[in-house]
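Comments concern the structure below.
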C-alpha cells in the first residue's frame with residue numbers, strides 16, 4: 075500500500091486550533107454521507123476538515139440535537155451480525171449461496187474483525203489484508219473468498235481515512251461484490267424504512283468506489299468491482315437473513331462527484347480566519363448563553379447555509395443555526411429555495427410588509443413585485459381570514 | 023468411649039434365624055470347601071456370593087451379567103464439608119480438553135455447565151485469561167495454560183476463541199476455513215460424547231443434548247428426523263468437515279511452519295502485539 079502524504083504540519087496545527095476542545099471524530103462513511111448533505115455550508119466544511127463531531131459540540135445546551143441510534147436498534151444490529159457469524163459464518167454462507175448463485179459452503183472467509191486491535195494499527199493491517207486479497211481476483215481464485223470486516227483506505231480532503239465494509243465477496247463470477255448487513259427488516263419484499271435503505275445503498279456505493287481505487291493501486295482492473303451490491307437484512311419480523319441485490323451505478327457516480335468536492339484540508343485551513351475556534355462552543359464549564367454566543371460569532375464569521383431538510387437530518391449544528399436565523403427573522407429560516415427567491419430582503423417581517431404593499435427600496439424591488447402580487451392573490455382567495463391572519467410580525 | 027457388646031447383639035440376630043435357613047447356609051459352606059479342595063476357584067467364588075446373600079437376606083441378582091447401578095444410593099452421613107467445587111479455571115480447561123478444538127467462550131461455558139454441572143459466567147473469562155498470562159509470566163508450574171487462538175496472518179490473539187497451550191500450534195491457529203472446521207469437529211466430538219454419556223449418566227446426557235442440538239442446528243441434515251440422533255449429527259458434521267479439512271489442514275501446516283520460524287515460544291502461545299501506528303501515518 076503506498077504511503078500517503080502527511081498533512082502539512084501548519085495546516086494540522088491550524089485545524090487543531092479551530093477544533094479546540096471540541097470532540098474529534100474520524101472520517102467514516104456515515105460522516106461522509108452526512109457531510110454530503112450539507113457540503114455547501116462553509117461552517118460545516120470547516121468542521122468537517124477539522125474533524126469536529128458536530129453532534130457532540132453543543133452537548134449540555136438546549137441546542138444539542140438528539141442524534142444517535144436507539145439502544146434497541148443497536149442491540150438488534152449486534153444480534154443480527156452475531157447470527158450471521160456464529161458457527162463459522164454458517165448463516166452468511168447460506169444466504170450468500172442462495173442469493174449469488176455461487177456455492178459458499180467451502181468459501182474461505184477471512185474474519186478481519188477478530189484478532190486485530192481496535193485502533194489505527196489494526197485498521198491499517200486490515201487494509202493491507204483487504205488489498206492483498208482483492209488483488210487475488212486477478213489470479214481467479216478457485217473458490218470464492220469473503221472478507222468479513224474489509225477495510226478500505228482513502229484520502230478524504232487530503233487526510234487519510236479508513237472505511238470498514240461489512241462484507242466483500244471476492245471471486246463471484248470473476249467479480250467482487252460489496253455486502254452490507256442491516257438489521258431493519260424487509261417485510262413482504264419491501265423495506266420498512268426507505269431513508270435507511272437509501273443510506274445503506276449510499277454506504278455500499280462508497281465502498282465500491284473506494285474498492286476500485288484500492289484495485290487500481292494494486293494494479294488490478296477496477297472494473298472487477300461490481301456495480302451491484304448486496305444488502306443482507308432480516309426477513310419479515312424475525313431475524314432470518316435474506317439477501318437483496320441492487321445496482322448502485324448512479325449512486326457511485328454521485329458519490330464520486332461528492333468526494334471530489336470535499337474541501338481540501340490544507341486549503342480550508344489556510345482560508346479559515348485565525349480567530350475561528352470551536353473551543354468556547356464546546357466548553358461545558360461555560361454558561362449556555364456564552365457558548366451559543368460563541369457559536370453565533372463563529373458562524374457569522376464563516377458564513378452558514380441553512381437548509382431545513384438536509385441540515386436537520388445531517389448536522390448537529392442545525393438547531394443552533396435555526397435559532398440564530400429565527401432571532402434575526404432571516405428568510406433563510408424557511409429554506410434556501412425561498413431565500414433565493416427573496417434577494418435583498420433582510421427579514422421575514424419585511425417580506426410580510428412587502429406582501430401588504432409597502433414601498434420597496436431599489437434593492438428590494440426585484441422581489442417586491444411578485445410579493446405584492448402574491449399578497450393580493452392571498453387576500454382574494456381567503457378574504458375572510460385576510461385581516462386576522464396577515465398581521466405584520 | 024467405645025461401646026462394648028456389639029458382637030453379642032449380632033449373634034442374637036443370627037440366632038433368630040430358622041434352623042432350615044441355617045442348614046442351607048451350612049450346606050453352602052460345605053460346597054465352598056469342596057469346591058476349594060477340587061481347585062474350582064470360580065465355583066467357590068460364586069458359592070461365596072450366594073452364601074453372603076443368604077446370610078444378609080439380599081435378593082438374588084436377575085442375571086449374572088455386569089452389575090447394574092439402579093439401586094437407590096445409600097445415604098451416608100459425612101462429618102466433613104463436601105469437597106469445594108472445582109475452580110473456574112479447572113472447569114474451563116477440562117471442558118476444552120474434552121472438546122479438543124478452539125472454541126468460543128459461550129460454547130465452552132455451556133458445555134462445562136452441562137457436563138460438570140458447574141456454571142462459569144462467560145464474562146469472567148477475560149479475568150481468567152489475564153490470570154493465565156500472569157501465571158505464565160511468573161513461570162508458575164502449570165501443566166497447561168488456557169491461551170487464545172491466533173489468527174494466521176500476523177499471529178495476533180483472537181480472544182473470543184479459547185485453546186489449551188499443550189495443543190499443537192496447528193490446532194491453535196485460525197484461518198479462512200478454521201472456524202467452520204473447528205465448529206464441525208467440536209459438534210462431532212460432542213455428539214460422540216453425548217452418545218457415550220447417555221448410556222452411563224442420563225442426567226448429564228439430558229443436560230448436554232440441547233447444547234449438541236444447538237451446535238448442530240447449522241449443519242444441513244444433522245437434525246432431520248424425530249429426536250436428536252447422535253449418529254446422524256456426527257455423520258452430518260463429518261460429511262461437511264471432510265472437504266473443508268482438505269482446505270483447512272494444508273493452510274494450518276503452512277501457517278504453523280511460518281509461526282515456528284518467526285516467533286519465539288512466548289508469542290507462539292500468546293500471540294504477537296504490533297505497535298501502535300502514529301496518527302496520520304497510513
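Residue numbers (the numbering used here), protein chains in the order written: chain H, 75 to 467; chain X, 23 to 304. Heads up, the beta-carbon is just placed ideally off N, CA and C, and yes, glycines get one too. Keep in mind that this is a model prediction, so the values were computed, not measured.
Cβ contact annotation for residue 150 of chain H (same chain, cutoff 6 Å, sequence separation greater than five): 257, in chain order. Scanning its chain for C-beta atoms nearer than 7 Å, with the 5 sequence neighbours on each side dropped, one finds around residue 187 of chain X the residues 166, 167, 169 and 291, in chain order.
Taken through DSSP and simplified to helix, strand or coil, residue 321 of chain H comes out as strand. By the C-beta criterion, the region 215 to 224 of chain H is judged not to be in contact with the region 107 to 117 of chain H, since fewer than 3 inter-stretch pairs fall below 8 Å. For residue 142 of chain X, there is no enclosing alpha helix (DSSP H), as DSSP marks it with neither H nor E. Using beta-carbon distances, residue 266 of chain X counts as an interface residue toward chain H, with a partner under 8 Å. In the structure shown, residue 178 of chain H adopts coil according to DSSP, grouped into three states.
DSSP places residue 243 of chain H in the uninterrupted beta strand (DSSP E) bounded by 233 to 246.
By the CB criterion at 8 Å, residue 252 of chain X and residue 216 of chain X fall inside the cutoff.
The count of Cβ pairs closer than 8 Å, one atom from the region 388 to 403 of chain H and one from the region 368 to 375 of chain H, reaches three, so the stretches are in contact.
Taken through DSSP and simplified to helix, strand or coil, residue 109 of chain X comes out as coil. The alpha carbon of residue 271 of chain X has as its nearest neighbour, out of H:133, H:182, H:167 and H:87, the alpha carbon of H:182. For the pair residue 120 of chain H and residue 346 of chain H, the CB atoms are nearer than the 8 Å cut-off. At a Cβ-Cβ threshold of 8 Å, residue 238 of chain H and residue 305 of chain H do not count as neighbours. In this structure, the beta-carbon distance from residue 317 of chain H to residue 153 of chain H does not fall below 8 Å.
DSSP assignment within the region 182 to 254 of chain X yields the following whole alpha helix (DSSP H) runs of 4 residues or more, N-terminal first: 191 to 194, 200 to 220 and 224 to 238. Interface flag for residue 185 of chain H against chain X is set, since a Cβ pair is found closer than 8 Å.
Of all residues in the region 234 to 259 of chain H, the ones placed with a Cβ closer than 7 Å to any Cβ belonging to chain X are 234, in chain order.
When the alpha-carbon of residue 205 of chain H is set against those of H:236, H:179 and H:279, the nearest one is in H:236. Three or more pairs of CB atoms, one per stretch, sit closer than 8 Å, so the region 202 to 213 of chain X contacts the region 230 to 245 of chain X.
Boundaries of the beta strand (DSSP E) around residue 304 of chain H: 302 to 308. By the C-beta density criterion, residue 43 of chain X is exposed, having fewer than 16 other C-beta atoms within 10 angstroms. In this structure, residue 233 of chain X places its C-beta atom within 8 Å of the C-beta atom of residue 132 of chain X.
The region 221 to 230 of chain H makes no contact with the region 264 to 276 of chain H: fewer than 3 CB pairs, one atom from each, lie closer than 8 Å. Sequence-ordered contacts of the region 153 to 183 of chain H with chain X read 159, 160, 161, 162, 163, 164, 165, 167, 168, 179, 180, 181, 182 and 183 [C-beta pairs closer than 9 Å]. Spatial neighbours of residue 107 of chain H in its own chain (CB-CB distance under 6 Å, excluding positions within 5 residues in sequence) are listed in chain order as 276. Sixteen is the threshold: since fewer than 16 other Cβ atoms of the shown chains lie within 10 Å of the Cβ of residue 443 of chain H, the residue is exposed. In this structure, residue 150 of chain X keeps its C-beta atom at 8 Å or more from the C-beta atom of residue 210 of chain X. Per DSSP, the beta-bridge partners of residue 185 of chain H are H:222.
Non-local beta-carbon contacts of residue 282 of chain H in its own chain, meaning distances under 8 Å to residues more than five positions away in sequence, involve 252, 299, 300, 301, 303, 322 and 326 in chain order. The C-alpha of residue 235 of chain X lies about 38 Å from the C-alpha of residue 268 of chain H.
DSSP, reduced to helix, strand and coil, places residue 424 of chain H within a helical segment of the structure shown. Look at the region 402 to 453 of chain H and you find these whole runs of alpha helix (DSSP H), each 4 residues long or longer: 410 to 414 and 422 to 429. Non-local beta-carbon contacts of residue 355 of chain H in its own chain, meaning distances under 6 Å to residues more than five positions away in sequence, involve 131, 365, 368 and 369 in chain order. For residue 178 of chain X, the chain H residues whose C-beta falls within less than 7 Å of its own C-beta are 189 and 190, listed in chain order. Between residue 431 of chain H and residue 420 of chain H, the beta carbon gap of about 18 Å keeps them out of contact (Cβ cut-off 8 Å).
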